[in-house]
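Enquirer: Chains as they are written, first to last, in my numbering: chain A, -4 to 109; chain B, 37 to 150. Idealized CB from N, CA, C, for every residue including glycine.
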Amino acid sequence: NAGVTQTPKFRVLKTGQSMTLLCAQDMNHEYMYWYRQDPGMGLRLIHYSVGEGTTAKGEVPDGYNVSRLKKQNFLLGLESAAPSQTSVYFCASSYLWESSYEQYFGPGTRLTVT
Amino acid sequence: AQKVTQAQTEISVVEKEDVTLDCVYETRDTTYYLFWYKQPPSGELVFLIRRNSFDEQNEISGRYSWNFQKSTSSFNFTITASQVVDSAVYFCALSENEGQNFVFGPGTRLSVLP
């Protein structure tokens, strides 16, 4: 099992450019999440999905869009990148275990917007 | 609204000392889950423990122990006889609403000096 993988690992964008981050999991998990991590602020939830074809907003959704066309993939899009979106992005997936939702994290994507 | 507070931004200890990382949470739900994650310098997020709101038993795993007290809304983490490899950022997290709300604290950076 590869677990949770993220593509790409690093990216540099210019302001106004667009890009898509790909998250893939091979654990058949229902839930998937996108977070951003900024210094001193922990992880903040951007969007999440509770199943194929469904998405919902998290704490900081502005400037991002997501799609979950296949159960194993969760895409995060930036339509017009801004320097404030410079961050490390983590994807996670989770399953129902004794009514808990333990999250498994990908290795992260470091994005710099200049 | 749910919230997780980790008041200690940074802690430094000398190897073999014991250290406790504090976590205080806020939630209106009666059913919720608490987690601790470790983020070593390499950047990945490593799951350490899960605890549900109905189980207040303390847990010990090797040099790690956790103290969950609903009366004070705290879920503190103690490392006994710390080692240099324990140096990392530690995050406390809260999940409610059946996994649809996941909130992380800002993290505590622990440095264990040889």
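Within its chain, find whatever has a CB closer than 8 Å to the CB of B/Leu81; leave out the 5 residues flanking it on each side and keep chain order.
Expert: For this step, residue 81 of chain B is matched to residue 45 along the second sequence. So the list reads Tyr73, Lys74, Gln75, Phe127, once near-sequence residues are dropped.
Enquirer: For B/Thr41, write down the residues that DSSP places opposite it in a beta bridge.
Expert: Within the second sequence, numbered from 1, the residue matching residue 41 of chain B stands at position 5. Its beta-bridge partners are B/Val60.
Enquirer: Compare the C-beta of A/Met190 with all C-beta atoms of chain B and state if any pair is closer than 7 Å.
Expert: It is not possible to answer for residue 190 of chain A, since the shown part of chain A is limited to -4 through 109.
Enquirer: Under 8 Å: do the region 129 to 145 of chain B and the region 37 to 52 of chain B share three or more Cβ pairs, one atom per stretch?
Expert: yes
Enquirer: Please classify A/Ser13 as buried or exposed, where buried requires at least 16 other C-beta atoms within 10 Å of its C-beta.
Expert: To locate residue 13 of chain A, count along the first sequence from 1; it is residue 18. It counts as exposed.
Enquirer: Looking only at its own chain, which residues have a Cβ that is under 7 Å from the Cβ of B/Val148, when we skip the five neighbours before and after it?
Expert: Within the second sequence, the letter at position 112 stands for residue 148 of chain B. For B/Val148, where only same-chain residues beyond five positions count, the Cβ hits under 7 Å are Val49, Glu51, Ser118, Gln119, Val120, Asp122, Ser123.
Enquirer: Using a Cβ-Cβ cutoff of 7 Å, what residues of the region 72 to 86 of chain B are near chain A? List them in chain order.
Expert: Gly79, Glu80, Leu81, Phe83, Arg86
Enquirer: Between A/Tyr26 and A/Ile41, is the Cβ-Cβ spacing less than 7 Å?
Expert: Indexing the first sequence from 1 puts residue 26 of chain A at position 31. Indexing the first sequence from 1 puts residue 41 of chain A at position 46. The answer is no: Cβ separation not under 7 Å.
Enquirer: Please report how far the alpha carbon of B/Gly141 lies from the alpha carbon of B/Tyr68, in whole angstroms.
Expert: Looking up residue 141 of chain B in the second sequence gives position 105. Looking up residue 68 of chain B in the second sequence gives position 32. So the two alpha carbons sit approximately 15 Å from each other.
Enquirer: Whole beta strand (DSSP E) runs in the region 55 to 79 of chain A with 3 or more residues, listed along the chain?
Expert: 60 to 62, 68 to 73
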